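Enquirer: This is the structure I want to talk about, given as structure tokens.
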Amino acid sequence: MRSEPGQTRSGTPTGPPDAPLLVLGPSLGTTTRIWQAQRARLGEDFRVLRYDLPGHGGSPTGALRDPSPGATTVDDLADAVLALVDDVTGGEEPSAFHCAGISLGGAVGAWLALRHPRRVAALALVCSSARFGAERPWRERAELVRREGMAPLRETSPGRWFADPATARTPVGRALLDDLAAVDPAGYAACCDALAGYDVRAELPAVQAPTLVIGGTHDLATPLGHARELAGLVPGAVLRTVGCGHLAVEAPDAVERALASFLAGGQAVARRMSMLP
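Written out as structure tokens, the structure reads:
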């Protein structure tokens with residue numbers, strides 16, 4: 001995986017070099033652009049590292065261990081993110097970082113918090129889920145894009161992504177849909193396979209990191225019930241609702257404020273974790 005395509009060197013966080021690291025994950029079909037509205041403000045207090053999923057933006061599908069149909073899991077995506085974090089920290093002693101993600105990016109963050117509890121100091125799940133629906137529709141979508149490419153999804157995504165499909169005609173909406181159209185179908189399909197097999201409902205009670213859950217009141221892809229389920233399963237999780245669709249682009253300031261407030265408290269946790277043996 002690569003970070004910040006076209007905006008910084010690959011693998012280079014932005015923000016104060018001595019600030020806590022904040023890793024921001026995207027939704028399926030989007031790139032680092034999805035966090036553009038929040039990057040500047042969050043970058044005042046954190047080293048912000050955004051990443052692209054395989055086949056998206058600046059990250060090649062070849063970054064996957066095995067992109068063949070049915071092979072990719074969220075575990076694979078999370079391992080790649082952790083390797084990126086270790087790479088950008090320059091081989092330093094493994095340290096804790098903050099992690100926030102939208103949809104699939106949230107699933108990657110949750111997986112990291114479960115598999116590497118000492119590494120994730122605070123976790124934010126934005127318009128995400130413990131299980132993104134039944135397996136078969138994801139397998140079918142993967143087959144569709146492998147067969148026909150990204151064009152069919154560019155037509156249908158506005159209804160899933162945005163609270164108002166007219167957002168597709170705004171500069172932000174057009175840019176997001178252009179990014180979607182440029183995704184490598186093999187990488188997109190592999191991420192669909194990862195979502196097909198993702199179900200952490202039984203595991204989430206083991207999450208140790210302080211957790212914020214943000215749910216969109218107009219989210220059709222992961223309706224508010226998904227956020228409520230996440231908040232109910234993760235011990236001590238805080239739930240915030242925002243008037244937005246699945247990508248949360250309709251309310252960037254509200255998402256930014258919720259994250260900034262929550263993560264400010266997480267910095268003290270990171271310092272404590274860094275002192276653990």
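Sequential numbering from 1 applies to the sequence shown in UniProt numbering.
We treat Cβ as the ideally placed atom computed from N, Cα and C, and that holds for glycine.
These numbers come from a predicted model, not from an experiment.
(1) If you measure between the beta carbons of G101 and P26, is that distance less than 9 Å?
(2) Assign G57 to buried or exposed, taking buried as 16 or more other Cβ atoms, counted over all protein chains shown, within 10 Å of its Cβ.
(3) Mark E140 as exposed unless 16 or more other C-beta atoms lie within 10 angstroms of its C-beta, in which case mark it buried.
(4) What is the DSSP secondary structure of H98, reduced to helix, strand or coil?
(5) Pull up the DSSP beta-bridge partners for V242, would you.
(6) Can you look up V108 in the DSSP assignment and give me helix, strand or coil?
(7) Alpha carbon to alpha carbon, how far is L114 from F97?
(8) What is the DSSP secondary structure of L147, counted as helix, strand or coil?
(9) Can you tell me where the beta strand (DSSP E) holding G25 begins and where it ends?
(10) Quick one: measure Cβ to Cβ for A194 and D76, integer angstroms, because I've assumed they're closer than 8 Å.
(11) Between the Cα of V120 and the Cα atoms of T32, L212, T167, which residue gives the shortest distance?
(12) Excluding five sequence neighbours on each side, which residues of the same chain lie with their C-beta closer than 6 Å to the C-beta of T222?
(13) Quick check on the DSSP output: the alpha helix (DSSP H) that includes L176 runs from which residue to which?
(14) Measuring alpha carbon to alpha carbon, tell me which of I214, R146, A264 ends up nearest residue 302.
(15) Taking the alpha-carbon of G232 as reference, which of V242, V207, C244, C191 has the nearest alpha-carbon?
(16) Provide the residue(s) that pair with A124 in DSSP beta bridges, ordered along the chain.
(17) Compare the Cα-Cα distances from C244 to each of L220, P20, A124 and report the closest residue.
Expert: On the basis of the data shown:
(1) Taking the first residue of the sequence shown as 1, we reach residue 101 at position 101. Taking the first residue of the sequence shown as 1, we reach residue 26 at position 26. Cβ distance < 9 Å, so G101 and P26 count as in contact.
(2) Residue mapping note: residue 57 aligns to position 57 of the sequence shown, counting from 1. Burial call: buried.
(3) The residue labelled residue 140 in the question sits at position 140 within the sequence shown. Exposed, by the Cβ-count rule.
(4) For the purposes of this step, residue 98 is taken as the residue at position 98 of the sequence shown. Residue state, collapsed to three classes: strand.
(5) Residue 242 sits at position 242 when you count from the first residue of the sequence shown. In the DSSP output, where bridge partners are listed per residue, V242 has G216.
(6) Position 108 of the sequence shown, counted from the start, is the residue given in the question as residue 108. V108 falls in the helix class under three-state DSSP.
(7) As a working note, residue 114 is residue 114 in the sequence shown. As a working note, residue 97 is residue 97 in the sequence shown. Taking the straight line joining both Cα atoms gives about 14 Å.
(8) Mapped onto the sequence shown, residue 147 falls at position 147. Before going on, a small fix: residue 147 reads as Arg here, not Leu. Note: R147 maps to helix in three-state DSSP.
(9) Position 25 of the sequence shown, counted from the start, is the residue given in the question as residue 25. It spans 21-25 - the beta strand (DSSP E) in which G25 sits, taken as one unbroken run.
(10) Here the question's residue 194 lines up with position 194 in the sequence shown. Here the question's residue 76 lines up with position 76 in the sequence shown. Indeed they touch by this definition, with Cβ atoms about 7 Å apart.
(11) On the sequence shown, position 120 is the one that residue 120 refers to. Checked all of T32, L212, T167; the closest Cα to V120 is L212.
(12) By one-based count along the sequence shown, residue 222 stands at place 222. So the list reads C127, S129, once near-sequence residues are dropped.
(13) Position 176 of the sequence shown, counting from 1, holds the residue named residue 176. Start and end: 171-181.
(14) Absent from the structure is residue 302, since the part of the chain shown begins at 1 and ends at 277.
(15) As a working mapping, residue 232 is identified with position 232 in the sequence shown. That would be V207, whose Cα lies nearest to the Cα of G232.
(16) Along the sequence shown, one-based indexing puts residue 124 at 124. Assignment of beta-bridge partners to A124 by DSSP yields A100, L212.
(17) Stepping through the sequence shown from its first residue, residue 244 is reached at position 244. Per the Cα distances, L220.
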